[in-house]
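Each remark here refers to the structure printed beneath this line.
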Amino acid sequence: MATTANAVHPITEKLVTSSDGTQIYAEAAGESGLPTIVLIHGFGLSALVFAKLLRDKDLLKHFHLIAYDLRGHGRSGMPNEPSAYTSKCCADDFISVTKAFNVKTPPILLGWSLGGSVAADVLEHYGQDALAGMITAASFPYLDTSPNALSEWVSGTLFPGFLNQDNVALAISTRLAFTRALFNNPDDVPSEILWSWFGSSFLRDPAHLLHYIGPGHAQDTTNLWEAAKTGKLPLLVVEGDADKFTMNAYVRQTVDGKFSDIVFHTVKGGSHSFFYERQEEFVDQVSKFALRVFGGRKGD
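Here it is, written out as structure tokens:
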């Protein structure tokens with residue numbers, strides 16, 4: 001365990017052992033007695049993308065924040081067998097991380113891009129009351145493999161190049177295009193941020209990424225939709241209308257009418273990474289939603 005410097009809210013880093021022995025890298029900021037929001041990153045990246053949010057004073061005033069690297073991503077373990085990427089393993093990772101940081105009551109899951117799919121894993125294996133609510137940021141609450149879920153550029157160009165294991169030049173150029181496309185104005189992003197995201201995409205073998213989104217990670221969404229219908233799982237959907245990755249209309253079609261407690265917010269001109277480029281607006285929406293869901297309580 002290590003603690004990095006932050007004058008107001010130090011960030012605590014841990015390697016957490018999940019149920020199958022896989023090491024999961026996680027970090028937390030803020031007072032552990034406050035209601036918890038767990039931030040989960042997207043495909044091919046890591047919790048580094050949330051570095052600014054973990055230091056956001058407005059969020060830390062009200063919430064305990066946790067972020068972790070999905071298995072097969074970032075600084076977490078990368079099991080070689082597809083059987084290590086099941087829904088149960090991914091749910092256990094989430095629960096193991098929250099237990100490691102002494103979370104006593106159900107947290108809100110904030111999933112960006114691929115990260116939102118963890119909600120279905122958690123609810124399937126730990127019941128409809130395992131989450132206090134959910135925030136999807138350019139994301140889905142389950143692993144949606146529909147060709148309608150992602151833009152044609154992502155499905156037809158990005159994924160084939162990103163997951164290619166034979167052409168080094170293609171793998172590098174695709175990752176660079178991927179990283180730049182996450183932002184509306186990549187040239188305005190500080191180089192240390194842009195290159196840390198770009199570097200994260202190289203930390204894992206494409207085979208492990210394929211395992212995560214492959215058929216071995218089948219999900220039973222029964223508990224997800226039941227919790228949605230009964231109001232046990234309030235949902236905030238945040239989308240950017242200039243997102244080059246997620247098909248917003250399809251996201252809305254997927255969730256609208258299935259959640260009895262649902263809020264939509266569109267970031268005008270928002271990229272796929274609107275939580276970074278439009279942080280103040282995003283934090284405002286997250287805070288209002290989370291304070292309502294947690295009922296204004298001060299702690300666990």
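Numbering follows UniProt numbering, with no gaps: position 298 of the sequence shown is 298.
C-beta: ideal position from N, C-alpha, C; glycine also.
Note that the coordinates shown come from a computational prediction; the quantities given were computed from them, not determined experimentally.
According to DSSP, residues forming a beta bridge with residue i
i	result
M134	L109, L235
Y25	L15
V38	I66, L109
G116	Answer by DSSP bridge pairing: none, since G116 is not bridged.
Straight-line Cα distance separating residue j from residue i
i	j	result
A47	Y250	26 angstroms
T3	A100	For T3, the predicted structure reports a pLDDT of 45, less than 50, and the residue's modelled location is therefore unreliable. A value from the coordinates is still provided. If you take the alpha carbons of T3 and A100, they lie about 15 angstroms apart.
D243	S32	34 angstroms
P206	V168	12 angstroms
G296	M134	In this predicted model, G296 has a pLDDT of only 44, less than 50, meaning its place in the structure is not dependable; the value taken from the coordinates is given anyway. Their backbone Cα atoms lie some 16 angstroms apart in a straight line.
G127	G115	19 angstroms
C90	R71	7 angstroms
R278	G240	10 angstroms
D300	T174	Unreliable placement is indicated for D300, whose pLDDT of 43 sits below 50; the coordinate value is still reported in the next sentence. So the two alpha carbons sit approximately 44 angstroms from each other.
H217	E124	12 angstroms
E192	K229	43 angstroms
I95	Y25	13 angstroms
A137	W112	5 angstroms
S287	F294	10 angstroms
F43	L209	8 angstroms
G161	S155	10 angstroms
S151	M247	6 angstroms
A149	H9	37 angstroms
G77	G30	26 angstroms
V103	I66	10 angstroms
D166	P79	21 angstroms
T254	D188	34 angstroms
Test item: CB-CB of residue i and residue j under 7 angstroms
i	j	result
L233	V263	no
D93	S18	yes
T179	W197	yes
L45	S200	yes
Q219	L170	no
residue 311	P141	There is no way to answer for residue 311, as the model of the chain reaches only from 1 to 300.
L182	G74	no
L34	Q23	no
I40	E27	no
V283	D56	yes
Y85	H211	yes
Closest residue to residue i among the options (Cα-Cα distance)
i	options	result
S83	P160, V154, G127, D20	D20
I37	N80, T179, A132	A132
A290	T174, R75, H64, E13	H64
F245	Q285, K268, F159	F159
P186	N80, P10, S271	S271
V238	V267, V189, T254	V267
D261	M247, E226, P106, N248	E226
D121	I213, V103, I172	I213
L194	H9, S273, D166	S273
Residue i Cβ short of 6 angstroms to the ligand COA heavy atom set
i	result
S76	Questions concerning the ligand COA fall outside what the structure shown contains, since it holds no ligand whatsoever.
CB contact below 7 angstroms: residue i versus chain C
i	result
S260	As a matter of chain content, chain C is missing from the structure shown, which is built from one protein chain.
Within the region 47-77, note down every full beta strand (DSSP E) run reaching 3 residues or more, in order along the chain. 64-68
Which runs of the beta strand (DSSP E) at least 3 residues long sit entirely within the region 246-299? Give them in chain order. 262-267
Complete runs of the alpha helix (DSSP H) confined to the region 127-190 [at least 4 residues]: 159-162, 168-181
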